[in-house]
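Below: one structure, written as structure tokens.
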Amino acid sequence: MSGNPLELNTACSLDDAGMCGCAGLFSDASSDFRGTYLKPILEKDPGDDVLAWGESLDHLLQCKTGQLLFEDFLRTEYSEENLLFWLACEDYKTITSPAKMTVAAKKIYAEFVQVDAPKQINIDCVTREEIRENLSQPVQNCLDGAQRVIYSLMENDCYPRFLKSEMYQGLLEQAEQQ
Numbered sequence: 001m002s003g004n005p006l007e008l009n010t011a012c013s014l015d016d017a018g019m020c021g022c023a024g025l026f027s028d029a030s031s032d033f034r035g036t037y038l039k040p041i042l043e044k045d046p047g048d049d050v051l052a053w054g055e056s057l058d059h060l061l062q063c064k065t066g067q068l069l070f071e072d073f074l075r076t077e078y079s080e081e082n083l084l085f086w087l088a089c090e091d092y093k094t095i096t097s098p099a100k101m102t103v104a105a106k107k108i109y110a111e112f113v114q115v116d117a118p119k120q121i122n123i124d125c126v127t128r129e130e131i132r133e134n135l136s137q138p139v140q141n142c143l144d145g146a147q148r149v150i151y152s153l154m155e156n157d158c159y160p161r162f163l164k165s166e167m168y169q170g171l172l173e174q175a176e177q178q
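33 is the number that the UniProt record's numbering gives to position 33 of the sequence shown; each next residue is one higher, with no gaps.
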């Protein structure tokens, strides 16, 4: 990784279905993932992935299963909008069609950025206004400022609490025993 918090790669081991090895810690990653954290499947050794989540927020966000677990944790703190916005920004940056970019930017704005949005993120009014002004002709980096603010909030506030949470500590203990 280059150290850029907005750059995403796939450091954790993905299987053919796109799930990382750490998904093996859960009973059924596709249907009953949420709420069932401590039932291992013996097919994979997810320990390295779970341990890596404790190294940095980047490592956690590189792993689809880690993202889902972090989202569940954030939901318990009523702040899952931060991760959902960050992920929406990552998806947005993959769009190349200007027309699709406009539609996606407006959707992200309506869902996360505008005042009283259903999942309103906590950003300053200047950043919020810059995004609003860019909606008519958005570019791939028009959400980067807000994404950096939210990443920093997660990294300095939510992520340290996640690492101390019973949810993560239980997984860590199980991973260390394997």
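The beta carbon of each residue, even a glycine, is placed where N, CA and C say it ideally should be.
Per DSSP, the unbroken alpha helix (DSSP H) holding CYS125 starts and ends at 125 to 134.
In terms of Cβ geometry, LYS106 and PHE112 do not form a close pair [threshold 8 Å]. TRP86 is positioned such that its CB atom lies no closer than 8 Å to that of GLN178.
Note that the C-beta distance between CYS158 and LEU84 is not below 8 Å.
Here DSSP, grouped into helix, strand and coil, assigns LEU51 to helix. Burial state of LYS93 is buried, judged by a 10 Å Cβ sphere holding 16 or more other Cβ atoms.
By the Cβ criterion, the stretch 137 to 144 is in contact with the stretch 93 to 104, since at least three pairs of Cβ atoms, one from each stretch, lie closer than 8 Å. Secondary structure at VAL103: helix, using DSSP grouped into helix, strand and coil.
Between the alpha carbons of GLN114 and ASN156 lies a gap of roughly 24 Å.
A check of alpha carbon separations from TYR151 across ASN82, LEU171, MET167 and GLU133 identifies ASN82 as the nearest.
Cβ-Cβ separation between VAL149 and ILE123: approximately 5 Å, consistent with a contact (criterion under 8 Å). Taking the Cα positions, ARG132 is about 23 Å away from MET154. Residue environment analysis places CYS89 among the buried positions, since at least 16 neighbouring C-beta atoms fall within 10 angstroms of its C-beta. Contact between LEU61 and MET167 fails: their C-beta atoms lie close to 16 Å from each other, not under 8 Å. Bounds of any alpha helix (DSSP H) do not take in MET154, whose DSSP letter is neither H nor E. Counting C-beta atoms within 10 angstroms of its own C-beta, VAL126 has fewer than 16 neighbours from the protein chains shown and is therefore classed as exposed.
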